[in-house]
Ligand SMILES: [Zn+2]
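Residue numbers (our numbering): 1469 to 2068.
Below, the structure written as structure tokens:
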């Protein structure tokens, strides 16, 4: 398709759309043409054409963050050149803020903006281009007219040599895969675009057409995925009662090492290791990741905290509810894989015990409350430093554990009639479908109380807004389980440091709050060279035969100076929990267990 044909098609589209749009500004026609003349050097050249313009001035913007990833990333730092022109003449484009350009457009009906973007950050939330493929994470690619967030746009992609395939949830224009249509900018910024030679396969589940785009190779078994992914889709759809998409795209980036994902309304981008699929545990992890990101199409993309949409693309969007948006999604990812029977109850309980260990071995759990970890995600969770483990928690891990507590509370209080599923379905209907807005903290709490049949003030004070130790045994006992700590009898001392991996020197990378090193003043970045005068090549086994209370002399090099630091050894307080069956499980406990773990 050439540009003239494209214009005709676009004119028709906008003609049919025009009737429902009243604001003059949104009648402008917006087209992007994306080319990759130097893909090998990681550049995209983008031409933004705005026609039918009728306003004296125009601000052009780029988001500073990507929804779902709560960090201001200052995307315009990757824009190398930008210029504006109209009627064949260059216009003065004034940069007025880090992410805003100002333009006088009096009397102009068509303007053309050309800009060049550098994209070389491999992640699910940033764009990446090389000569093998391009992953366009839209918020860091598409400059937009500031007053036209609700306007449709068309993206015309001119692929680099050899690229044959486009994968995106954006609709094709006239069946052309290289021309995509976005009804507004919230949709465009929520629709990544993968272009290259990816391996694409599909399946149908819950009446929705699914496309899986495998990028970068990998040892995946397509037939097995086509059997297992639909089970996940169907179990998740059953919770909410409907699957609101017509089609959905999984973009999977397979690499030497990979992980993580980013949720979107009708698609997701997943990171995986090419080898992950080769082992059963790796395959299950991949399914759990897919279950997590897919669950988000309801939880956070549609059912959402009130602060998370409509988005402010210029600033941080603060919410205390990421423990619901992310933590509950993390809880459900494993519960869903269990429901598909791809996890046994033992697999599930093993994974749960690992989450508990992660939470309890984090000193930050006694410092930062769950709601606070969500609010400060922008400055803490996404900006970790050497002291993060001592001062912060993960709203994923603790949020998932709180989700489990709430689920067990509701199942137990209603004798197996209701569960957290009912809360999620109710909230989806009530806020996304009926009220068409996000929920407040109080509204979510009221919904849980409604299904639990009890007041949760105390629960929130302890676990959401406070630092009360988690009562695992209390909640697990509803289902006839308890925790046992395999290290309970352990009386070994620990130095309480972690060291930089993969180098021959022993460099301290973190110091555990309250541990031997912390108390005696060993610092991050210290090079540990000897203990009691004996030179070290490893820290493994150096405390063999020692006990808490023993004194040692640790030699370190700090800023070029050698220091001898006396250390009194303290007990290693790490825990290693397992979940075990209580003796004499009652029929009431069995009812809760069967409902919780979907045991038939
Ligand atoms: Zn998530």
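Just so you know, even glycine gets a beta-carbon here, dropped at the ideal spot from N, CA and C.
Item	Value
Proximal residues to residue 2000 (C-beta, below 7 Å), its chain only, five neighbours per side dropped	2020, 2021
Own chain, CB closer than 7 Å to residue 1756, minus 5 neighbours either side, in chain order	1801, 1802, 1805
Contact test: residue 1506 Cβ vs ligand 1 heavy atom, cutoff 7 Å	no
Closer than 7 Å: residue 1704 CB and nearest ligand 1 heavy atom	no
Residue 1500 versus residue 1861: straight-line alpha-carbon distance, rounded	42 Å
Closest by C-alpha distance to residue 2064, when choosing among 1738, 1651, 1947	1947
Rounded C-alpha distance that separates residue 1827 from residue 1866	7 Å
C-beta atoms of residue 1601 and residue 1664 nearer than 8 Å	yes
With 16 other Cβ atoms within 10 Å as the buried cut-off, status of residue 1560	exposed
6 Å Cβ shell around residue 1744 - same chain, five flanking residues per side excluded	1750, 1754
Helix, strand or coil at residue 1892 according to DSSP, with G and I counted as helix	helix
Cβ neighbour criterion (16 or more within 10 Å) applied to residue 1778	exposed
Counterpart residues of residue 1851 in DSSP-defined beta bridges	The partner list for residue 1851 (beta bridge, DSSP) is empty, contrary to what the question assumes.
Cα-Cα separation, residue 1551 to residue 1616	20 Å
Cβ shell of residue 1931 (< 6 Å), same chain only, five flanking positions each side left out	1870
Identity of the residue in 1914, 1594, 1509, 1579 nearest residue 1729 by Cα	1594
Collapsed DSSP secondary structure at residue 1968 in the structure displayed	coil
Cβ pair count under 8 Å reaching 3, the stretch 1807-1817 against the stretch 2023-2035	no
Proximal residues to residue 2050 (C-beta, below 8 Å), its chain only, five neighbours per side dropped	1945, 1948, 1949, 1950, 2057
Helix, strand or coil at residue 1561 according to DSSP, with G and I counted as helix	strand
Extent of the continuous beta strand (DSSP E) to which residue 1735 belongs	1735-1741
Residue 1764 CB to nearest heavy atom of ligand 1 below 7 Å	yes
Beta-carbon proximity check, residue 1645 vs residue 1622, cutoff 8 Å	no
Range of the contiguous beta strand (DSSP E) that encloses residue 1869	Here residue 1869 belongs to no beta strand (DSSP E); instead the alpha helix (DSSP H) covers 1863-1881.
Contact test: residue 1794 Cβ vs ligand 1 heavy atom, cutoff 7 Å	yes
Supposed close pair residue 1607, residue 1534 - CB separation, criterion 8 Å	5 Å
Whole-angstrom distance between residue 1997 and residue 1942, CA atom to CA atom	46 Å
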